[in-house]
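Engineer: Position 36 (the sequence shown) corresponds to 37 in my numbering; numbering is contiguous.
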Amino acid sequence: MHFGIFVEEMRRGVDQAGAFRDVFAVAEAAEAWGIDCVWLGEIHFNPARSVISSSLQVASSIATRTRRVRVGTAVTVLPLSHPLRIAEEVATLDHISEGRVEFGIGRSGIARSYDIYGVPYGESQARFREALEIIRQAWKGEPFGYEGEFYRFQNAAVTPRPYQVPHPPLRMAANTEETFPAVGAMGLPLFVGLRAAEIPDLRKYLATYRQSWSEAGHPAPPSVYLRIPVYVSTTEQGAIEEPRESLTHFFGRQSELARSVIGRAGTGPADRRRALAERMANLSYDDILARKVCVGSAAGVIDRLTQLREELGIDGIVAELNPGGLIPPELETRSLRLLTHEVMPAFN
């Protein structure tokens, strides 16, 4: 089972220089303690939340500080940058890391970033499809041209080719029901989450993903990683109370985000988005603990992860160690130590 950690949040009370120091300290702990991959978010124009707007540059620094742990993006927002530039930078990172890159891709649910960049969010799906097609072609290392709705060029030969052959592993984020069978047909591994979805719904969506994968005849088995807040404490009571403020803040922010895009082009039917926002706004802390996160003592987290693996058929998790950014650093470090030393051995 894959164990990754997700790095994005700024910790409360830290300045931007300190936030970068925190990122690198967590990555070095991940290297030392056996984490499989450090996954980096990409957040734009939100200084209270994250300093990681240029995730590939941060990943390059992590790659030079480590030798074993893989470094991934979760996700690179393809429609916000030119795909040829993304292809060049990811391939370069793959060489810097000597083949340790995981390339997570998506279009993001944060429409405000698109507004500021001047990219219509309603075009995000079509732009994503074109960008992915271009990146895959670019990594073949041969001159090629492209004539699409958004990108047009001739005789582009991207260099370098990726270190990994044929390219770094791809993994796509999926949130809406209709995305799952499309990703299965493409043969791409998945990121999924429980921020907005409920387990019964996610189980249904994953069934369509796996069916489409099988019908398309892809030779390898499908792969699903669950991105989920994880907090391990020395006692069950501590696991409930210590992250309470941070988790409550985090899910409140997610509710506001869901509400902010109701009716926006590219976000799906307004009634579905409205129902989602209402459901998230009504989450109690008990609901969050029961349905949205993985917290407990080491034994409790082992039980919870075992349950999630059985219910959803996941083969990996990406643990959000400090969602909300309000967990003190010493408790976050202790949680990571317990996760790596007491939880992970039960699955490997």
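Think of the CB as a built atom: it goes at the ideal place given N, C-alpha and C, for glycine as much as any other residue. Just so it is clear, the structure is predicted and the values come from calculations on it, not from any experiment.
Taking only three categories from DSSP, how would you classify A157?
Structural biologist: If DSSP states are grouped into helix, strand and coil, A157 belongs with the strands.
Engineer: Using 10 angstroms around the beta-carbon of F104, count the other beta-carbons present and answer buried if the total reaches 16, otherwise exposed.
Structural biologist: By the 10 Å Cβ count, F104 comes out buried.
Engineer: Taking C-alpha atoms, which residue in S54, S55, G42, G5 lies nearest to W34?
Structural biologist: When only C-alpha atoms are compared, the closest one is G5.
Engineer: Less than 8 angstroms between the C-beta atoms of A64 and V72, yes or no?
Structural biologist: Their beta carbons are under 8 angstroms apart, which means A64 touches V72 by this criterion.
Engineer: Under 8 angstroms, do F252 and A75 count as touching if we go by C-beta distance?
Structural biologist: Against a cut-off of 8 angstroms, the Cβ pair of A75 and F252 comes out as no contact.
Engineer: Write down every uninterrupted run of the beta strand (DSSP E) in the stretch 86–161 whose length is 3 residues or greater and which is fully enclosed by it, in chain order.
Structural biologist: As far as the stretch 86–161 is concerned, its whole beta strand (DSSP E) runs of at least 3 residues are 102–107, 145–148, 153–157.
Engineer: If you reduce the DSSP assignment to three classes, tell me which class G267 lands in.
Structural biologist: Residue state, collapsed to three classes: coil.
Engineer: If E321 sits next to P230, beta carbons under 8 angstroms apart, how far is it from one beta carbon to the other, in whole angstroms?
Structural biologist: Indeed they touch by this definition, with Cβ atoms about 4 angstroms apart.
Engineer: Would you mind stating whether A92 and W40 have Cβ atoms separated by less than 8 angstroms?
Structural biologist: Contact flag unset, no.
Engineer: Please determine, among I318, L313, I241, L327, the residue with the shortest C-alpha to C-alpha distance to Y286.
Structural biologist: Among I318, L313, I241, L327, the Cα nearest to that of Y286 belongs to I241.
Engineer: Could you pull the DSSP bridge partners for F7 from this structure?
Structural biologist: Its beta-bridge partners are W40, E321.
Engineer: Within 10 angstroms of its Cβ, does D95 collect 16 or more other Cβ (buried), or is it exposed?
Structural biologist: That one is buried.
Engineer: Figure out for me which residue from A158, G325, R130 has the closest Cα to the Cα of E143.
Structural biologist: Considering only alpha carbons, the answer is A158.
Engineer: My assumption, with CB atoms under 8 angstroms, is that L248 sits in contact with I289. Please give the rounded CB distance.
Structural biologist: L248 to I289, Cβ: 6 angstroms. Contact.
Engineer: Leaving out five residues before and five after R274 in sequence, what residues of the same chain have Cβ atoms less than 7 angstroms from its Cβ?
Structural biologist: Once the five neighbours on either side are set aside, the close Cβ partners of R274 are A259, V262, I263, T268.
Engineer: Using only the alpha-carbon positions, how far apart do V120 and R128 sit?
Structural biologist: If I take the Cα positions, the gap works out to 10 angstroms.
Engineer: If you measure from the beta carbon of R211 to each beta carbon in chain B, is any gap under 8 angstroms?
Structural biologist: Protein chain content of the structure displayed is limited to a single chain, and chain B is not contained in it.
Engineer: In chain order, which alpha helix (DSSP H) runs of at least 4 residues are fully inside the stretch 271–315?
Structural biologist: For the stretch 271–315, whole alpha helix (DSSP H) runs of length 4 or above, ordered along the chain, are 271–282, 286–292, 299–313.
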